[in-house]
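Presented below is the structure to which this report refers.
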Amino acid sequence: MENQCSGVFVGTDKRGRHTPHNKTSDAALKAVRSHIESFPVVDGHYTRKDSNRKYLGAELNISRMYQLYQEKNKDNLPDNQIVSQTIYRKIFNEEYNFSFHIPKKDQCNICVNYQKATSSGTLTPEEKHNYDKHIAKKIRARQEKKTDKDHAKENLNTMVATFDLQAVLQIPCSLVSQIFYMRKLNSYNLSIYNLASKHATCYLWSEVDAKRGSCEIGTCLYLQLMSLQRNIKHVILYSDACAGQNRNQFIATCLMHAVTTLPNIETIDHKFLESGHTQMECDSMHSAIEFAKKKTEIYVPQQWSTVIRMARRNDPYLIVPLTFEDIYDFKGLQKQIFRYRKEDINGKKFKWLKMRWLRFEKKDPDHISFKHKFDDSFRKMRVTEKTRKGRPVNVMEIPKRYTAKQTVSAAKKKDLLNLCKTGVIPSEYHSFYKGLQSDSKTPDILPDPDFEEDEIDSEKE
Numbered sequence: 003m004e005n006q007c008s009g010v011f012v013g014t015d016k017r018g019r020h021t022p023h024n025k026t027s028d029a030a031l032k033a034v035r036s037h038i039e040s041f042p043v044v045d046g047h048y049t050r051k052d053s054n055r056k057y058l059g060a061e062l063n064i065s066r067m068y069q070l071y072q073e074k075n076k077d078n079l080p081d082n083q084i085v086s087q088t089i090y091r092k093i094f095n096e097e098y099n100f101s102f103h104i105p106k107k108d109q110c111n112i113c114v115n116y117q118k119a120t121s122s123g124t125l126t127p128e129e130k131h132n133y134d135k136h137i138a139k140k141i142r143a144r145q146e147k148k149t150d151k152d153h154a155k156e157n158l159n160t161m162v163a164t165f166d167l168q169a170v171l172q173i174p175c176s177l178v179s180q181i182f183y184m185r186k187l188n189s190y191n192l193s194i195y196n197l198a199s200k201h202a203t204c205y206l207w208s209e210v211d212a213k214r215g216s217c218e219i220g221t222c223l224y225l226q227l228m229s230l231q232r233n234i235k236h237v238i239l240y241s242d243a244c245a246g247q248n249r250n251q252f253i254a255t256c257l258m259h260a261v262t263t264l265p266n267i268e269t270i271d272h273k274f275l276e277s278g279h280t281q282m283e284c285d286s287m288h289s290a291i292e293f294a295k296k297k298t299e300i301y302v303p304q305q306w307s308t309v310i311r312m313a314r315r316n317d318p319y320l321i322v323p324l325t326f327e328d329i330y331d332f333k334g335l336q337k338q339i340f341r342y343r344k345e346d347i348n349g350k351k352f353k354w355l356k357m358r359w360l361r362f363e364k365k366d367p368d369h370i371s372f373k374h375k376f377d378d379s380f381r382k383m384r385v386t387e388k389t390r391k392g393r394p395v396n397v398m399e400i401p402k403r404y405t406a407k408q409t410v411s412a413a414k415k416k417d418l419l420n421l422c423k424t425g426v427i428p429s430e431y432h433s434f435y436k437g438l439q440s441d442s443k444t445p446d447i448l449p450d451p452d453f454e455e456d457e458i459d460s461e462k463e
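So that you can map any letter, position 261 of the sequence shown is 263 in my numbering, and since no number is skipped, the others follow by simple counting.
As structure tokens, then:
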């Protein structure tokens, strides 16, 4: 034979050199990558732990993205070019440093790590000890809230409330698949729930008017305190322990100023629930709002008011819309009036990230009382310069935070105008989007921390 010599095969061995019949083509892989990259991604809220990590919206997951991939390519690719979800997932996990945003307060890192270590058999005695302490703190915080709630029901001069920011309310809100590929406008809702009366208030604004930080939260709290009936002398507030929004010197400035200037309030307590376990009555409000939004489509911020009004038929939530002109500058006020130290009056360390209870009293305008644990004794920190005994804190008008509306990123405005152009956003709302102020220097970042991100110290904010 031609390729044999003395019974020895001398040709090229072609065994195993053919392309496997089930090999995914380069064109199919390219289509997957193109689809993954078509979704808008943003930087983390803090961008410190992993500066290369990008985040996709919380409304997405691999299964939803794969479903959208199938819908988008059913008419563009032959059936044998549509890859399986397994391959789609493999490319996503191995080639992209993307995460789906999980708000920090929605998942507990300590509990997640404990469960992983327990399942893998790698749990150390120290990890077990820290977990047990964490659970004990969770239980103790819930006991404290229940005690205060029962007290408020029996004492008409005490008001106990929880407050919390709802997950970002995005606009437009619709089931049209094209929306998933576009950046959306953010609206914010701070909910305040009275534990005794069950009355609830929603403070609403959008990123067009303000941000989502401590000045905005402080504004809502201050307006709520001003609206209280004159018989209320003692206010107890519960919140999560987010340093950037709630557990910081600027919210403390807000509450100190309120107890000093509002005539009826004598004491304000601000207590913090255990991180990762901040479930509270506001959550029921947010669930009701999420359910109500499924019944309608939302194209401009004002329409969120209608949705929230629909969320509870009996005793509807009170809605207070805010604009940039309403936001107080508690950071500016703090610099003018209060000085926060790193030590208490006895020279012991004061740590914001360990704070469990802050107390503000009209009778003592120069100090804040605080506890790092609910069962500790109160310690005091001076927040004003030393003055003549009995001299009140300087009472002044709170400066305003903003002088104009905020800008959105140029990329976000481009996406929103694209939704107008394609008719996803109805024509009667186009003028609102065309009027948005944009800037190429305005970044697209997560509006709230992801559970993977490290907490910040508010003193370094």
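C-beta atoms are modelled at their ideal positions from N, C-alpha and C, and glycine is treated no differently.
With a threshold of 16 other beta carbon atoms within 10 Å, ASN99 falls short and is exposed.
In this structure the stretch 282-301 does not touch the stretch 250-265; the number of beta carbon pairs closer than 8 Å is below three. In this structure, the alpha-carbon of PRO42 lies about 21 Å from that of ILE89. For THR160, the beta-bridge partners assigned by DSSP are HIS236. The residue among ALA33, LYS92, GLN87 with its C-alpha nearest the C-alpha of PRO80 is ALA33. Of all C-beta pairs linking the stretch 230-238 to the stretch 203-221, fewer than three are shorter than 8 Å, placing the two stretches out of contact. Distance check between LEU206 and each of ASN191, VAL261, ARG214, TYR195 places ASN191 closest, using alpha-carbon atoms only. Collapsing the DSSP output to three states places GLU61 in coil. According to the DSSP secondary-structure assignment, THR203 is paired through a beta bridge with ILE194, LEU320. One thing to note: GLU283 has its Cβ no nearer than 8 Å to the Cβ of ARG341.
Straight across, the Cα-Cα distance linking PRO323 with ARG361 is about 29 Å. With fewer than 16 other Cβ atoms inside 10 Å of its own Cβ, ASN95 counts as exposed. Distances from the CA of ASP317 to each of GLU399, SER277, SER199, LYS373 were compared; the closest alpha carbon is that of SER199. As the crow flies, the alpha-carbon of ALA260 is around 19 Å from that of GLU327. The beta carbon of LEU158 is closer than 7 Å to those of ASN233 in its chain, skipping five residues each way along the sequence.
Pairwise C-beta distances place the stretch 237-245 in contact with the stretch 159-172, as three or more of them are shorter than 8 Å. Where THR269 is concerned, the enclosing beta strand (DSSP E) starts and stops at 269-274. Collapsing the DSSP output to three states places PHE380 in coil.
Sixteen is the threshold: when 16 or more other Cβ atoms of the shown chains lie within 10 Å of the Cβ of HIS272, as they do, the residue is buried.
Between the alpha carbons of SER433 and GLU299 lies a gap of roughly 18 Å. The Cβ atoms of MET383 and PHE376 do not sit closer than 8 Å to each other. For GLU299, no alpha helix (DSSP H) segment is defined, and its DSSP state is neither H nor E.
In this structure, the CA atom of GLN87 is about 27 Å from the CA atom of CYS175. Spatial neighbours of LEU62 in its own chain (CB-CB distance under 8 Å, excluding positions within 5 residues in sequence) are listed in chain order as PHE41, PHE102, PHE182. Between HIS374 and LYS356, the gap from beta carbon to beta carbon is short of 8 Å. Here the alpha carbon of GLU345 sits roughly 20 Å from the alpha carbon of GLN338.
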